[in-house]
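One structure is given here, and the rest of the page talks about it.
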Amino acid sequence: MSPNPDLQTNIKILADRTAGETARIDACHELGQLSGKESVTALVAALSDSDVGVRWAAADALRHHGPAATEAVLSALVTQPADSRLYESAHRVLSGTGDPLVEPVLKALVDPISSDSETPLAAYEALGEWRKRRK
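Heads up, the sequence shown is in numbering that gives the first Met the number 0, so the first residue is 0 and it goes up one at a time.
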């Protein structure tokens, strides 16, 4: 089976920092409609983008991916360096889940004093519980 050309095209556009903001935001919207791990991975990477419009579009698009996005965002919070852009965007994604499991992560994300140290730990604990629950 050949890869989805729309998927690959939109991933390339999103990753291309020289593409215009509008094109990259449109790519986020398209990736929000295309299921699969590659879409989620590309959108999670965009949560740290320097362009706020791209970050917000990626966060909104991830909400369409449901549980796969929740797990990917929690994993990013555990594995990626502390980054206010990622934290802000992750909060936007996770707050839309309505899942009480992510509440400690949301609290850590909005605490400006301890977010860098508490967020990865809270995300790690939530990710462990998330994976147990999904089995």
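Even glycine gets a Cβ: it sits at the ideal position worked out from N, Cα and C.
Just so we're clear, the structure is a prediction, and the values are computed from it rather than from any experiment.
Worksheet item: In chain order, what residues of the same chain lie with their CB nearer than 6 Å to the CB of residue 122, ignoring the 5 residues before and after it?
Response: 73, 76, 77, 104
Practice prompt. Specify, as a first and last residue, the run of the alpha helix (DSSP H) that residue 146 falls within.
Written response: This structure cannot speak to residue 146, because the chain is shown only from 0 to 134.
Worksheet item: With 16 as the cutoff for other CB atoms within 10 Å, does residue 5 come out buried or exposed?
Response: exposed
Worksheet entry | For residue 3, the three-state DSSP class (helix, strand or coil) | coil
Worksheet item: Using a Cβ-Cβ cut-off of 6 Å (strictly less than) and excluding sequence neighbours within five positions of residue 71, which residues of its own chain qualify?
Response: 39, 43
Worksheet item: Over what stretch of residues does the alpha helix (DSSP H) that includes residue 30 continue unbroken?
Response: 20 to 32
Worksheet entry | residue 7 versus residue 31 - alpha carbon distance | 13 Å
Worksheet item: Would you say residue 139 and residue 88 are within 7 Å of each other, going by their C-beta atoms?
Response: The first residue shown for the chain is 0 and the last is 134, placing residue 139 beyond what the model contains.
Discussion item. Taking only three categories from DSSP, how would you classify residue 38?
Written reply: helix
Practice prompt. Note down, in chain order, each residue of its chain lying with its Cβ closer than 6 Å to the Cβ of residue 56, except the 5 sequence neighbours on either side.
Written response: 24, 27
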